[in-house]
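Numbering (the UniProt record's numbering), first residue to last: 1 to 778.
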């Protein structure tokens with residue numbers, strides 16, 4: 001690092017050319033003082049200066065640099081610039097500068113002298129790493145398509161600017177790291193242009209336009225401003241202190257020192273894209289460029305987000321030129337060791353559970369790795385969860401068949417306004433261990449790069465591992481547990497005592513399984529904690545508290561079930577395998593004489609297969625191990641399963657908690673409704689028509705109490721149910737299609753019958769506890 005009070009080492013040369021980016025009288029005076037000190041320290045070195053104006057240099061400056069570079073190949077080129085220490089400018093001035101694209105930390109020229117009179121330490125000269133002309137010329141010839149001396153001069157100017165940026169980064173810290181000159185660098189790259197020439201009809205003008213559309217980069221002020229704006233937005237309704245795991249933060253900090261990373265986060269709210277930069281900034285971690293749909297580039301938000309590290313993507317990636325440019329753009333970012341960020345789910349989950357991973361962008365990162373752009377790339381899982389969200393009302397509307405509202409200025413105003421309507425609790429961010437791309441893809445340039453099928457399989461495994469780690473790290477909160485319990489009562493209200501004693505089995509299970517849980521969930525051990533959690537959800541958000549009687553009671557009204565389901569679905573992963581074990585037990589218990597243990601395992605695997613579009617599962621071998629662990633609470637479970645009937649019922653009665661009916665009923669009821677509709681539908685029924693008919697049939701069945709859950713009547717769940725039907729080959733014409741559709745419906749109704757039996761046993765457990773608590777109370 002070099003500054004006004006540190007000297008640059010000119011001892012290795014007798015000829016130096018200083019490229020000085022100064023553009024005001026105050027900055028020129030600082031440069032003059034610095035040059036005088038250098039010349040005094042190195043009297044035998046000839047130090048000449050070429051002054052560079054702000055922005056792109058005019059042709060005359062480029063021509064002068066051509067002459068300066070035509071001399072000795074041993075001449076040392078030293079880039080210098082005035083570094084203004086952050087602070088001192090009014091925020092409104094910085095905001096205007098940020099939107100307009102100006103340097104938001106460089107004071108206006110009319111204020112510079114005044115600032116320096118008050119505090120001379122506010123500015124200093126910094127010098128980038130010097131390089132000989134011969135070294136620069138070799139880099140130019142190896143990496144660019146330029147041939148003329150003017151092309152070489154422009155290359156030197158880019159290298160000078162990047163060298164200064166690296167030096168200033170050391171002064172500012174890693175959280176200010178930002179790529180510069182992406183378009184210029186790629187358009188001058190021989191690698192980039194060689195690939196472009198292979199695309200029929202592609203032109204450099206097209207590519208440059210696309211690069212400018214993709215190009216991003218934060219100003220130093222935006223590194224501070226955007227997280228502060230984000231914090232101001234979510235602090236309207238959330239605790240401003242995000243809940244982190246300190247050990248995870250330090251582990252990630254060490255990992256990011258060695259390799260570039262892709263931050264892949266769970267997505268439940270538009271706030272997620274705001275929370276990630278806040279988390280990185282306040283933990284002093286290097287920022288990440290976030291991919292977002294170009295639909296979010298509206299009004300002043302477009303330039304603001306673009307200059308805060310957002311990369312806007314077109315919704316359709318079918319243009320071969322655009323796909324190539326995007327792939328090379330991602331490769332450049334990775335090669336320069338900048339971090340990337342996007343939702344692994346691709347879009348917000350409207351149901352509360354994680355969606356299947358999207359592989360498109362991940363494939364581009366994998367290409368960059370396989371091309372040797374980095375010796376490894378880390379896929380960093382990021383779990384973001386909330387006590388509550390105002391967006392659940394919007395998701396409930398989607399479930400009923402509503403359409404998405406387009407983003408725009410009015411939408412943004414309403415979104416921010418909604419954050420201040422009430423207290424939504426806390427935000428939780430977790431950073432579990434990263435996944436190594438090298439571990440799944442092998443060495444760069446290895447055989448997997450030439451095998452598309454093997455590459456896609458590796459990508460799928462990587463993505464599922466990331467999602468699995470997100471789920472395991474996501475803490476279980478009180479909102480999900482209380483919502484899950486009240487949804488099982490189908491509108492019946494519970495007292496505080498009933499809520500409290502019923503929740504204890506779930507808490508015992510989570511503790512036994514060592515699942516991460518929030519403080520709000522831990523407080524459910526006490527009646528006061530249960531009351532606080534239930535009241536936080538009251539006033540129809542989505543719980544209704546009924547007062548005026550002997551004591552308050554809490555319930556979920558039918559019209560609020562979809563909102564409550566969002567919170568319940570966010571914790572299903574913790575109870576998924578134990579729920580499947582219960583259903584497999586019930587199925588085996590009613591099986592005819594024979595190997596009922598084998599029937600148990602067959603049904604468990606069948607349930608896993610049916611639910612694979614809704615949930616993440618471990619691989620088959622690990623899944624069996626997990627279920628064996630679930631059943632280990634009863635030493636002789638296999639003997640009891642073999643006995644069937646009452647023995648299995650006894651096994652289920654002893655199990656705490658019983659969760660299948662609470663967690664999985666809505667999904668199987670949604671599958672049942674779609675299967676019912678298919679029995680009378682043409683083979684090629686369209687997705688929208690199927691959903692519309694299913695909504696009508698579901699509404700009828702809910703009114704008749706033929707299904708137990710209003711939340712099962714959901715366009716969101718029907719979309720996945722259709723995938724299940726397609727996976728069972730029930731959407732393709734065949735001679736026996738009607739019979740197979742009816743058989744599938746029969747199978748689903750049998751599963752729901754098993755669920756009914758588990759629910760009955762659960763009610764018996766509840767009543768027994770209720771009686772015991774009353775006896776204890778006297």
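Every residue, glycine too, gets a C-beta built ideally from N, C-alpha and C. Nothing here was measured: the structure is a model prediction, and the numbers come from that model.
#1: With a 10 Å radius around its C-beta and 16 neighbouring C-beta atoms as the bar for buried, classify residue 676 as buried or exposed.
#2: Which residue comes first and which comes last in the beta strand (DSSP E) that contains residue 288?
#3: Please report how far the alpha carbon of residue 59 lies from the alpha carbon of residue 66, in whole angstroms.
#4: Tell me the DSSP secondary structure of residue 381 in three-state form.
#5: Give the single residue among 80, 15 and 70 whose Cα lies nearest to the Cα of residue 31.
#6: Pair every Cβ in the region 377-388 with every Cβ in the region 684-703, then say whether three or more of these pairs are closer than 8 angstroms.
#7: Pick out whichever of 671, 682, 768 and 769 has its Cα sitting closest to the Cα of residue 746.
#8: So, at 7 angstroms on beta carbons, what are the nonlocal neighbours of residue 414 in its own chain, with the 5 sequence-adjacent residues on each side left out?
#9: By DSSP, does residue 132 sit in helix, in strand, or in coil?
#10: Would DSSP call residue 720 helix, strand or coil?
#11: Helix, strand or coil for residue 331 per DSSP?
#12: Going straight from the alpha carbon of residue 352 to that of residue 551, what length do you get?
#13: Distance check for residue 269 and residue 283, CA to CA, integer angstroms please.
#14: Enumerate in chain order the residues of its own chain whose CB-to-CB distance from residue 667 is below 6 angstroms, with the five nearest sequence positions on each side excluded.
#15: Would DSSP call residue 74 helix, strand or coil?
#16: Whose C-beta lies closer than 8 angstroms to the C-beta of residue 546 among residues of the same chain, with five residues either side of it excluded?
#17: Under 8 angstroms Cβ to Cβ from residue 277, same chain only, skipping five residues before and after it: list those, please.
#18: Where in the region 343-387 do unbroken runs of the alpha helix (DSSP H), each at least 4 residues long, occur, reported from the N-terminal end onward?
#19: Does residue 226 come out as helix, strand or coil in the three-state DSSP assignment?
#20: From which residue to which residue does the alpha helix (DSSP H) around residue 633 run?
#21: Under 7 angstroms Cβ to Cβ from residue 154, same chain only, skipping five residues before and after it: list those, please.
#22: Given a cut-off of 8 angstroms on the beta-carbon distance, is the pair residue 740 and residue 690 in contact?
#23: Hey, residue 374 and residue 429 are a contact pair by Cβ (cut 8 angstroms); roughly how many whole angstroms apart?
#24: So, are the CB atoms of residue 315 and residue 293 less than 8 angstroms apart?
#25: At 4 residues or longer, and completely inside the region 257-326: list those alpha helix (DSSP H) runs for me, N to C.
#26: With distances taken from CA atoms, which of 758, 717, 144 and 138 is nearest residue 579?
#27: Would you tell me roughly how many angstroms separate the C-alpha atoms of residue 431 and residue 470, rounded to the nearest one?
#28: Hey, how far is the Cα of residue 91 from the Cα of residue 658?
#29: Count Cβ pairs between the region 395-407 and the region 437-450 that sit closer than 8 angstroms; are there 3 or more?
#30: With DSSP collapsed to three states, give me the class of residue 702.
#31: In terms of alpha-carbon separation, which member of 389, 340 and 483 lies closest to residue 349?
#32: Quick one: grab the DSSP three-state call for residue 246.
#33: Helix, strand or coil, according to DSSP, for residue 616 in the structure here?
#34: Look up residue 336 in the DSSP assignment and say whether it is helix, strand or coil.
#35: Does the structure place the region 11-27 close enough to the region 66-78 that three or more beta carbon pairs sit under 8 angstroms?
Checking against the coordinates, here is how it stands:
#1: By the neighbour-count criterion, in which a residue is buried when 16 or more other Cβ atoms sit within 10 angstroms of its Cβ, residue 676 is buried.
#2: Run containing residue 288: 288-293, per the beta strand (DSSP E) assignment.
#3: Note on geometry: alpha-carbon atoms of residue 59 and residue 66 lie some 10 angstroms from one another.
#4: Three-state DSSP puts residue 381 in a strand.
#5: The residue with the shortest Cα to Cα distance from residue 31 is 80.
#6: Too few Cβ pairs lie closer than 8 angstroms, so no.
#7: Distances from the alpha-carbon of residue 746 to those of 671, 682, 768 and 769 put 671 closest.
#8: Contacts found: none.
#9: In the structure shown, the three-state DSSP call for residue 132 is strand.
#10: In this structure, residue 720 counts as helix in the three-state DSSP scheme.
#11: Helix.
#12: In a straight line, the C-alpha of residue 352 is about 32 angstroms away from that of residue 551.
#13: C-alpha separation (whole angstroms): 22 angstroms.
#14: Taken in chain order, the residues that qualify are 614.
#15: Here DSSP, grouped into helix, strand and coil, assigns residue 74 to coil.
#16: If we look at residue 546 and ignore the five residues flanking it on each side, its Cβ neighbours are 493, 552, 553, 554 and 555.
#17: Setting aside the 5 residues that flank it on each side, residue 277 is surrounded in the same chain by 226, 227, 230, 287, 288, 290, 308 and 309, each with a C-beta closer than 8 angstroms to its C-beta; the list follows chain order.
#18: Along the region 343-387, the alpha helix (DSSP H) occurs as fully enclosed runs of 4 or more residues at 360-370, listed in sequence order.
#19: Secondary structure of residue 226 (DSSP, three-state): helix.
#20: Membership of residue 633 in any alpha helix (DSSP H) is not indicated, and neither H nor E is assigned to it by DSSP.
#21: 62, listed in sequence order.
#22: The Cβ-Cβ distance between residue 740 and residue 690 does not fall below 8 angstroms.
#23: No, residue 374 and residue 429 are not in contact; Cβ-Cβ is about 26 angstroms, not under 8 angstroms.
#24: Contact flag set, yes.
#25: Fully enclosed alpha helix (DSSP H) runs of 4 or longer: 272-282 and 301-306.
#26: Cα-wise, what sits closest to residue 579 is 758.
#27: Each residue's alpha carbon lies about 8 angstroms from the other.
#28: Here residue 91 scores only 48 on pLDDT, less than 50, and its place in the model should not be relied on; the value that follows carries that caveat. Across the structure, residue 91 and residue 658 are spaced so that their CA atoms are roughly 56 angstroms apart.
#29: Between the region 395-407 and the region 437-450, the count of C-beta pairs closer than 8 angstroms stays below three; the two stretches do not touch.
#30: Residue state, collapsed to three classes: helix.
#31: Of the listed residues, the one whose Cα sits closest to residue 349 is 389.
#32: For residue 246, the three-state secondary structure derived from DSSP is helix.
#33: Correct three-state label for residue 616: coil.
#34: Coil at residue 336, not helix or strand.
#35: Verdict: yes, contact present.
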